[in-house]
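What follows is a single structure, written as structure tokens, with notes after it.
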Amino acid sequence: MLLSASPWFIALCLLVGLGYAALLYSAKAPWSRSVNYVLAAVRFAVVSFLCFLLLSPFLKSTTTTRQEPTVVLALDNSQSVGLFTPPTVLRQATQGLQQLAQELRGQGFQVETRTLSATQSARPDSVQFQAAATDVDGLLSGIAEGYEGRNLAGVVLLSDGLVNQGRAPQYAEYPFPIYALGVGDTIAKKDVSVPALAYNRVAFSGNQFPVEAEIGYDGYAGSTATVQVRENGRVLQTRQVRLPAGQRRVKTTFLLTAPAPGKRRYEVAVSQLSGEFTLLNNQKFAYLEVVKGKLRVLLAGAAPHPDLKALRAAIQQNDNFDLTTYLPGISPLKTQDFDVAILHQLPAQSGVGAEVLAQVKARRVPALYVLGSQTNFGAYNSLGTGLTVTPRGSQTDDVTPVPNASFTRFSFEDDALRRFAAYPPAAVPFGEVRVSGGTEVALWQQVGRVKTQKPLLVFGGTAARRQATLLTEGSWQWRLQEAVEHDDRPEAYDRLVLRTLQLLTQNANKKRLDVYPTQDAFDTQDDVTFGAETYNAIFERIYNQPITLTLTDERQKTRTFTYTNTDDGSPLHLGPLPAGLYRYSARATLGGQPQQDRGEVLVQAQQLEATQSKADHNLLAQLARRSGQRLYFPRQLQQLAQDIRKANYKPVLYEQEDLQDLINLKWLFFLLLGLLTVEWATRKYSGGV
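In case it helps, this note's numbering puts the sequence shown at residues 576 to 1264.
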């Protein structure tokens, strides 16, 4: 027991109790002397203890917890392990791990299982090897994070060493020993494959575009392979490709003509050769979009500025845009049609650039306005962009971008979110910012660590003319910072600029039902999602409308989904879909009138796991050596169990101290109440008051 006051006060508490008892029981009483002494002792004890409680005494207790050492069985459950490991070897490995788990549990270990696709699995011998990609670093890093602070003895990693996603694990540091268990087959099989395709993602209708195919081969040196390009089963071109001796890969290029605009899926396939081990890697798909022509972009500024260079560099990353740059007083403005305009600090306080604004307004060109210190906010607020800004003098806030989770017109990748968080602050006007109805916020402002509800990037305007506004002239810093940190690859900034322009240049929304995929393309393991917008007769947004979506694949098989759009922007989740080009049609009844929308969505198969069949046990050996362990094989599981026992992992004892105020113990209250009750009852029974 501990006190928050000096222990000398205990003597004072005893004196108070003694004095109280003496004053109460020193006079002559109607009961016997022995009863008087007992009653005085009770009153002395109660009063002294009540005074003692005023000193805030508390109890200190210590709880000891024993945590046994934990061994995690980490299984690479990727498709390559199931495809290329001999069934008897894989069965020996998984059943052996199950026996190892039982043996270790019998010796006091805790044993848990983790895989690439799930945190836990009931038994190692029940794992299905179906993961579409292998990220060993992600698996091991997840274990390090999930078991931080726990008594983790080590990790037994079953894998074939074939990694196709994430960091190279053999060069990473992990805070636990790794016992690598090698499966797969290190002997090269007779095989021919298409490991990679190189092509542009966008092609222009009527133009020719190249598709370069890489052909890999083992055991067929000196022979010839037949390679075809097909679309929907129709053969477009066929090539006979020589497979030279002394090499393992050769390239061949097909020159195709882009058909009518739309999304396209082309299959490059190599025909089966005699004695080939597997056909799973004999084809690969090229996914591209055929467009009508280049989108003409006007980039105009009130004066030279680093933003203009950053925006120009981002736009020039995409061949789908034809860029024209204009600065007033430096070069004449060409009188021509533009598909979209970027107006940097226009309208300006100095009045420059009036001819640009007049042309954009007259031709109803969609526009992205970039606001800054030279902007004439009164003139800007009259443009009907859906945003009004009333700055307080020249004051500014320094902000970074934060995506709006309810914005669904385009999505932000996880990598982009991490890059946004590392951006340096950029200045925005400080003052009152109002967003009108129908305007959507894509990015919010974050001031320091505080996420505000002030917009940074908004989309508004009318159905006939879309407009967007970026409230900072400092975005050039974001691109520069990202280029420095990511090897001159500012992908998040460039994607943000390009997607903004693409959204502005979509066909003017004169339809009352607008259904669209939330990404340009999905992978087979992705959750395919659709957004939807519904409008009334005067093109005001309305919600809670039942919508029926029909999805048709390349084999004309249809799937129907029904959902209701909500004001929080929640998309329709279709889940993972097989690879292919899907056409969709959406139907709804709005205001008693039937409405319909159509489109296409691509789901692409990466085919990562079938590309390579030869296991990489060197990677596993390096990974184990870096942690002070070694590589084992399924027939050596008994040796693995012995080595874990020899490591002599010990349980860890954790002590936790708990402090509790004595006055909070309920039983003390009832004890004191009982003593006082006994004293009172004795006095009444004996004739006292």
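A virtual CB, placed ideally from N, CA and C, is assigned to each residue, including glycine. Values in this document were obtained by computation on a predicted structure and should not be read as measured data.
Item, Value
"Asp1265: which of Ser957, Val1003 and Val1176 sits nearest, CA to CA?", "Coverage of the chain is limited to positions 576 through 1264, which leaves residue 1265 absent and any answer about it impossible."
"Where do the N-terminal and C-terminal ends of the beta strand (DSSP E) with Gly757 fall, by residue?", "Ile753 to Gly757"
"Kindly indicate which residue of Leu1195, Lys1086, Pro819 and Arg1205 has the alpha-carbon position closest to the one of Gly736.", "Leu1195"
"How would you label Gln677, buried or exposed, when you count the other beta carbons within 10 angstroms and need 16 or more for buried?", "exposed"
"Ignore the nearest five residues each way along the sequence and tell me which others in Trp1051's own chain have a CB closer than 6 Å to its CB.", "Pro881, Asp882 and Ala885"
"Please decide whether Leu1032 counts as near chain B, where near means a Cβ-Cβ distance under 9 Å.", "The structure shown contains no chain B; it is built from a single protein chain."
"Give the secondary structure of Asp882 by DSSP, where H, G and I count as helix, E and B as strand, and everything else as coil.", "helix"
"Does the contact criterion of 3 or more C-beta pairs under 8 Å hold for the segment 842 to 849 versus the segment 787 to 800?", "yes"
"Note down, in chain order, each residue of its chain lying with its Cβ closer than 6 Å to the Cβ of Ser948, except the 5 sequence neighbours on either side.", "none"
"If I follow the unbroken beta strand (DSSP E) through Ser734, where does it start and stop?", "Leu727 to Ser734"
"Whose C-beta lies closer than 6 Å to the C-beta of Gln740 among residues of the same chain, with five residues either side of it excluded?", "Ala708 and Asp710"
"By DSSP's criteria, Phe619 is part of a beta bridge. Which residues make up the other side?", "Partner(s): none; Phe619 has no beta bridge."
"Would Leu854 and Val940 qualify as a contact pair, given that the criterion is a beta-carbon distance under 9 Å?", "no"
"Could you give the first and the last residue of the continuous beta strand (DSSP E) run that contains Gln812?", "Arg809 to Arg817"
"Which whole-angstrom value describes the C-beta separation of Tyr1157 and Leu1147, a residue pair presumed to lie in contact below a C-beta threshold of 8 Å?", "Tyr1157 to Leu1147, Cβ: 14 Å. No contact."
"Going by the CB atoms, is the gap between Gly837 and Glu864 shorter than 9 Å?", "yes"
"Pick helix, strand or coil for Thr1047, following the three-state DSSP scheme.", "coil"
"Determine contact between the segment 1120 to 1127 and the segment 1160 to 1180, defined as no fewer than three beta-carbon pairs at a distance below 8 Å.", "yes"
"Using the rule of at least 16 other Cβ atoms within 10 Å of the residue's Cβ for burial, across every protein chain shown, is Tyr1229 buried or exposed?", "exposed"
"Any chance you could list the beta strand (DSSP E) runs of at least 3 consecutive residues sitting entirely within the segment 1129 to 1195, in chain order?", "1133 to 1139, 1147 to 1150, 1155 to 1165 and 1168 to 1179"
"To the nearest angstrom, how far is it from the Cα of Thr965 to the Cα of Asp1089?", "33 Å"
"Give the list of continuous alpha helix (DSSP H) stretches no shorter than 4 residues that lie fully inside the segment 1104 to 1128.", "none"
"So, at 8 Å on beta carbons, what are the nonlocal neighbours of Leu943 in its own chain, with the 5 sequence-adjacent residues on each side left out?", "Val915, Ala916, Ile917, Leu918, Gln1042, Ala1043, Thr1044, Leu1045, Thr1075, Leu1076 and Leu1079"
"Secondary structure at Pro907, three-state DSSP: helix, strand or coil?", "coil"
"Give the range of the beta strand (DSSP E) segment to which Glu678 is assigned.", "Per DSSP, Glu678 belongs to no beta strand (DSSP E); it is in the alpha helix (DSSP H), Pro662 to Gly681."
"When you compare only the Cα positions, how much space is there between Ala596 and Phe627?", "16 Å"
"Can you name the residues that DSSP bridges to Val686?", "Val646"
"Confirm, please, whether the CB-CB distance from Pro1209 to Gln667 is below 9 Å.", "yes"
"Considering Gln803, what are the terminal residues of the alpha helix (DSSP H) in which it resides?", "First-last for Gln803: Thr799 to Glu806, but that is the beta strand (DSSP E), not the alpha helix (DSSP H)."
"If we count the other Cβ atoms within 10 Å of its Cβ and call it buried at 16 or more, is Tyr612 buried or exposed?", "exposed"
"What is the C-beta distance between Gln1056 and Pro978, in whole angstroms, given that I count them as a contact (C-beta under 8 Å)?", "Contact doesn't hold; Cβ gap of about 18 Å is too wide."
"Just reading off the alpha helix (DSSP H) that Leu1251 is part of, what are its end residues?", "Lys1241 to Tyr1260"
"For Phe1244, count neighbouring C-beta atoms within 10 Å of its own C-beta (all shown protein chains included) and say buried if the count is 16 or more, exposed if not.", "exposed"
"Sorted by chain position, which residues of the same chain lie with C-beta nearer than 6 Å to Gly1006's C-beta, five sequence neighbours on each side aside?", "Thr965, Pro966 and Arg967"
"Less than 6 Å between C-beta atoms, sequence neighbours within five positions excluded: which residues of the same chain meet that for Gly757?", "His1192, Leu1195, Leu1206 and Phe1208"
"Going by alpha carbons, who is nearest to Tyr1068 out of Lys1029, Arg994, Gly1012 and Gly904?", "Arg994"
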